[in-house]
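Residues in the sequence shown are numbered consecutively from 669, following the working numbering.
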Amino acid sequence: MTETLGDWKWSVYDQQLTLEISSEGLFSQLDGVWTLPAFNLLLDGLSSRRLIEALNESDQSVVCELKLADGQAIRFVGGFLDPQFASGIVLTTGQRRGSDPEVPGPALVPVYQPIYSLNTQQIVGFEALARWPESDRAVGSGDDQRFDDKALASNMLILAADALRSWRDLKMPSGLFMQVNLTSRDLVDSSLVDLVSALIAGHDLDPGVLKLELTEQAALRDSEQAMATANALREAGASLVLDDFGSGHSSFLWLADLQADSLKVDADLVARVHNPRMQTILELICLLARRLGMKATAEGVEDVAILPILRRLGFDYAQGYALGHPLTEAETHILLSQKV
669 MTETLGDWKW SVYDQQLTLE ISSEGLFSQL DGVWTLPAFN LLLDGLSSRR
719 LIEALNESDQ SVVCELKLAD GQAIRFVGGF LDPQFASGIV LTTGQRRGSD
769 PEVPGPALVP VYQPIYSLNT QQIVGFEALA RWPESDRAVG SGDDQRFDDK
819 ALASNMLILA ADALRSWRDL KMPSGLFMQV NLTSRDLVDS SLVDLVSALI
869 AGHDLDPGVL KLELTEQAAL RDSEQAMATA NALREAGASL VLDDFGSGHS
919 SFLWLADLQA DSLKVDADLV ARVHNPRMQT ILELICLLAR RLGMKATAEG
969 VEDVAILPIL RRLGFDYAQG YALGHPLTEA ETHILLSQKV
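Below, the structure is given as structure tokens:
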């Protein structure tokens, strides 16, 4: 699990790096006002160069992973408020001593699955998924238990924010959003809100384009804390998506209490869309979502022939292998440029 250690500030004019570290543990040595040459003595050689490069890009966000000389790893997240001043938060990375901070998780390859509008038949966003090199299967940040990577969600959030910024910089269609899965563990992580806030500010993201997928089953493990975190994430500028709706409890109390912007209907329900009784259920779910000011997404679509049915029932978006497999960021650029 990541942890917020404190804040960092960088003055281009003074060439001073100020760290305000609240932790009293191993990272307390970082607290203070530093010149870059002095601070770099605490880092390994590659991290020293990485930090200098990040702080010299005054027109960009700052997302920089650093390895300390003692083997610990930290991450700077933030951005430049103006050409002379940058600030953000300092996080632990959740990595073990001696691991490589360049690698976001255990050999993680981020991929992005398209989400289509059923009305315009255009791509409106993507879901960020993790793919492991030895597997063709792409999963959300909470779906694969082969690795206990406590930093997976934060890494996926950072990569997703980077992709959103790259689409904007390349003048891809405006309004594109990115959805990232969160787990029950993420919802009680004290650093999550700080990270999301820093990414939105540092990458200058429009409100709502970073969407966080939550499952009721995850939130019910500590519903009070989860609800507080969810509301704080929304206040920070993220949108909330209620995932896997129709599976498990799907409590109406959860719908009433959570100020979500959209819901995703579970793939098992979508697969039975030819059943007349299921069509009635799905139509009522879409009507409920619309009355609550939410968008409805059909996930797990594996047959394009059902798209007219989904549109008639009231779904706004659709996602699944029939519409597009997960893509690398470079592949999304090619796909989106063909749609412009």
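The beta carbon of each residue, even a glycine, is placed where N, CA and C say it ideally should be.
Under the three-state reduction of DSSP, which class applies to M846: helix, strand or coil?
-> strand
Please name the residue in R958, V779 and V877 whose C-alpha comes closest to that of G992.
-> V779
Report the residue ranges of all beta strand (DSSP E) runs contained in full by the region 690 to 741; include only those spanning at least 3 residues, in chain order.
-> 700 to 703 and 729 to 735
Can you tell me the Cβ-Cβ gap for R718 and L736, rounded? I've got them flagged as a contact below 8 Å.
-> Wrong, their Cβ atoms sit about 13 Å apart, outside the cutoff.
Smallest Cα separation from E688: which of L698, V680 and A894?
-> L698
Distance CB(D936)-CB(V909) smaller than 8 Å | no
Write down the C-beta distance between L957 and L931 rounded to the nearest angstrom, noting that I regard them as a contact closer than 8 Å.
-> Here residue 957 turns out to be Ala, not Leu, going by the sequence shown. Yes, they are in contact, since the Cβ atoms of A957 and L931 sit about 6 Å apart, within 8 Å.
Rounded Cβ spacing between L820 and V745 (contact assumed at less than 8 Å) = Rounded, the Cβ-Cβ distance is 16 Å, inconsistent with contact.
Would you mind sorting Y784 into buried or exposed? The rule is 16 or more other CB atoms within 10 Å of its CB.
-> buried
Closest Cα partner of Q847 within the set Q1006, S834, P782 and D872 | P782
Return the bridge partner residues of G982 from the DSSP annotation.
-> In the DSSP output, where bridge partners are listed per residue, G982 has none listed.
The region 854 to 871 contacting the region 739 to 755, beta-carbon criterion three pairs below 8 Å = yes
Beta-carbon proximity of G988 to E999, cut-off 8 Å | Their beta carbons are not under 8 Å apart, which means G988 does not touch E999 by this criterion.
Who are the Cβ neighbours of S696 in its own chain at under 7 Å, not counting the five residues just before and after it?
-> I689
Check whether L1004 and M824 have beta carbons under 8 Å apart = It is not a contact, given that the beta carbons lie outside the stated cut-off.
With distances taken Cα to Cα, identify the nearest neighbour of I791 among A829, W835 and I826.
-> W835
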